[in-house]
Structure formats: C-alpha cells, structure tokens
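Residue numbers for the sequence shown follow my numbering, beginning at 1215 and rising by one.
The beta carbon of each residue, even a glycine, is placed where N, CA and C say it ideally should be.
Below: one structure, written as structure tokens.
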Amino acid sequence: MRPGAALPHNGLLFFLRPPMPDEPSPASLPAAAAELPGQGELHELHELRERIAHAAHIAVLTGAGVSAESGVPTFRDDKNSYWAQFNPQDMASEAGFRAHPQRVWQWYAHRREAVAAVQPNAGHHALAQWALQHPGRMTLVTQNVDGLHQRAGSPGVLCLHGELMRDRWLERPRACCDLAGLNPGEPPQCPVCGNLVRPGVVWFGESLPMGVWQAAEAAVQRCEVLLVVGTSGAVYPAAGLARIARRAGAHVAVINPAPSELDDAAHQCLRGPSAQILPALLAG
C-alpha cells in the first residue's frame, strides 16, 4: 500500500475484546510461567518440528507477546508516569486524534522512541532465518506494528495493523499532499491544504488494509501448519485466522506463556516464551 493512501473499507474492523478482571498480559507474566516445555512435553516439540520440516508451506501469526520479550511495552504494560493516565483505546482512535491531535502525536512519538530503543529477540531471528533458508515456504503475519520482524530480516511480512514507523495522511490526500514536504508540527501538516499527518497504524474501529488481509487469509487457507505465537487471541479479525486455518485442514499450534482464547482451535499448545521455543523449534 503506497504511503499516504487511505485504507480501503472492507468490513473487517479492528477491535479488542475488553480484558477480563486480573487477566495477565504477556509482558506481565512472572518468569516462572515462562519456561520451556518439560521432559514430558519434548515429544510435542519434536512432533511439531517434524510437521514443519515436511510442510510445503507454513504460516505464522504473531502478537504482542513476541515484541514484549524484546522489551516493547504493550498497551496495558506501559507504566510511564505521564502516559499511564490516558486510556490507550482513546489514544489509538481517529476520534481521539481529531479531538487531541498534539497529545496523540506525542504519545506515538513516545512509542516510536520505545521501539527504536529495543532489538529483535531470538524468536524474531529464528523466524527470519528459517524463512531465508526455506524461500517461499513461510508466510509471516503479524499484529505487531513495531517492525521488529523486518529488522530481524524476515521477508514479505504481512502487517495487519500497519507500521508504527510509517506516516500517512488523516484525510484522503490531495495533489498538494506530499509527505516529503511538510510543515513541521505535532502533528506535521500539508502546507497547502492543512491535511494532518497521522501514524501509519490501524486504529480501533478502522478497517484492515484489504490487500494485506486477503494475503493473510489466503496464506492460512493453504498452509499445512499454522504457528500462533505470543497472542492472547483477543484482537479481531486477526484472531480469526487460527480458526480459518483449522477449518481448511492445517495443523494449528499455539505458542504462548499462558492459556489463550485460541487454545481450543489448536491441535497443540506449547507453553513458554517464544524467544526460547522458536529457536528450538526452527533450528536446523
């Protein structure tokens, strides 16, 4: 999708199920809950490795837990003394941006700084190395907007929720709108028409990019194995990809430190941090 283009409406709205009381998020899990499978579960890891090795095509869906292991705070885990006072869903919406454009722009600047300060972890690198060693056999779909998969070297990443480090226009761009020639500000704007620049992410209530979603859906429908990594399964429509894959006949494996809402759609559930499990699963 070219920079500055408006997201097409496709009826697939991005929304988040409200967390249940005392529900932990991936980054807040204690270290004791994030261990590799024990001896009794090693056969599960071996079986999944064999399935991956013999699959013509695999798909991977990653969520916030993968980035949390690099130190990227999730919405609920960012305890910055100033930004903690704001509701993240108010900050991540078109209505919130229109009401308080400077505040929202500054909040995203804070998030960009936090992402720039961290590095891809072993899980990111394991996925990238496997994809590069087996060209054309993996489709990586992510709900994360931080770009860590791309920085690790993964090719052709499908970013369902956009990219934090990219900008686009709030309104449909006119001929005068040029992201290379902006009036500085918080946020910047077109010097001719005043169109505001916004982060290139999908906000709550917005449609997913149609081409990206269609590619993701096609990938999970044709894959033989789907790995669902580091996601609670609370964000739709992305979470629905696991059930689509299962209905199409794929072997679905969930990798997460804690139980998720997608466990019932999985054939296997491996408990532990993706930064440890993925290198063990994809080595060789």
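List the DSSP bridge partners of residue i.
i: residue 1485; result: 1470
i: residue 1416; result: Residue 1416 pairs with nothing; no bridge assigned.
i: residue 1383; result: 1411
i: residue 1335; result: Looking at the DSSP assignment, residue 1335 forms no beta bridge with any residue, so it has no partner.
i: residue 1273; result: 1353, 1440
i: residue 1372; result: 1355
i: residue 1397; result: 1403
i: residue 1465; result: 1439
If residue i and residue j are in contact, beta carbons under 8 Å, what's the gap, nearest whole angstrom?
i: residue 1326; j: residue 1256; result: Rounded, the Cβ-Cβ distance is 40 Å, inconsistent with contact.
i: residue 1357; j: residue 1276; result: 7 Å
i: residue 1441; j: residue 1272; result: 7 Å
i: residue 1445; j: residue 1279; result: 6 Å
i: residue 1380; j: residue 1425; result: Going by Cβ atoms, the distance from residue 1380 to residue 1425 rounds to 15 Å, so no, they are not a contact pair.
i: residue 1195; j: residue 1287; result: The displayed coordinates of the chain run from 1215 to 1498. Any statement about residue 1195 would go beyond what the structure contains.
i: residue 1409; j: residue 1393; result: In fact, because the Cβ distance is near 10 Å, the residues do not count as touching under 8 Å.
i: residue 1375; j: residue 1332; result: In fact, because the Cβ distance is near 18 Å, the residues do not count as touching under 8 Å.
i: residue 1297; j: residue 1321; result: 6 Å
When the distance is taken between beta carbons, is residue j closer than 8 Å to residue i?
i: residue 1489; j: residue 1283; result: yes
i: residue 1508; j: residue 1346; result: Because the chain here runs from 1215 to 1498, residue 1508 falls outside it and cannot be looked at.
i: residue 1429; j: residue 1362; result: no
i: residue 1431; j: residue 1448; result: no
i: residue 1462; j: residue 1435; result: yes
i: residue 1494; j: residue 1259; result: yes
i: residue 1299; j: residue 1400; result: no
i: residue 1496; j: residue 1355; result: no
i: residue 1479; j: residue 1438; result: no
With a 10 Å radius around its C-beta and 16 neighbouring C-beta atoms as the bar for buried, classify residue i as buried or exposed.
i: residue 1382; result: buried
i: residue 1301; result: exposed
i: residue 1420; result: buried
i: residue 1311; result: buried
i: residue 1452; result: buried
i: residue 1433; result: buried
i: residue 1268; result: exposed
i: residue 1395; result: exposed
i: residue 1398; result: exposed
Taking the C-alpha atoms as reference points, what is the distance between residue i and residue j?
i: residue 1303; j: residue 1350; result: 37 Å
i: residue 1250; j: residue 1469; result: Since pLDDT at residue 1250 reaches only 48, below the 50 mark, its modelled position is unreliable, and the value read off the structure follows with that caveat. Each residue's Cα considered, the two are about 11 Å apart.
i: residue 1412; j: residue 1391; result: 13 Å
i: residue 1245; j: residue 1314; result: Bear in mind that a pLDDT of 35 at residue 1245, under 50, signals an unreliable position, so the number given afterwards is only what the model happens to contain. Between residue 1245 and residue 1314, the C-alpha separation is close to 38 Å.
i: residue 1335; j: residue 1407; result: 42 Å
i: residue 1306; j: residue 1427; result: 20 Å
i: residue 1402; j: residue 1353; result: 35 Å
i: residue 1270; j: residue 1460; result: 16 Å
i: residue 1318; j: residue 1341; result: 33 Å
i: residue 1337; j: residue 1389; result: 42 Å
i: residue 1491; j: residue 1360; result: 21 Å
i: residue 1266; j: residue 1481; result: 14 Å
i: residue 1308; j: residue 1264; result: 45 Å
i: residue 1443; j: residue 1457; result: 14 Å
i: residue 1387; j: residue 1339; result: 37 Å
i: residue 1281; j: residue 1330; result: 12 Å
i: residue 1405; j: residue 1274; result: 42 Å
i: residue 1450; j: residue 1422; result: 10 Å
Using a C-beta cutoff of 8 Å, does residue i count as contacting chain B?
i: residue 1334; result: In the structure shown, chain B cannot be found, because there is only a single protein chain.
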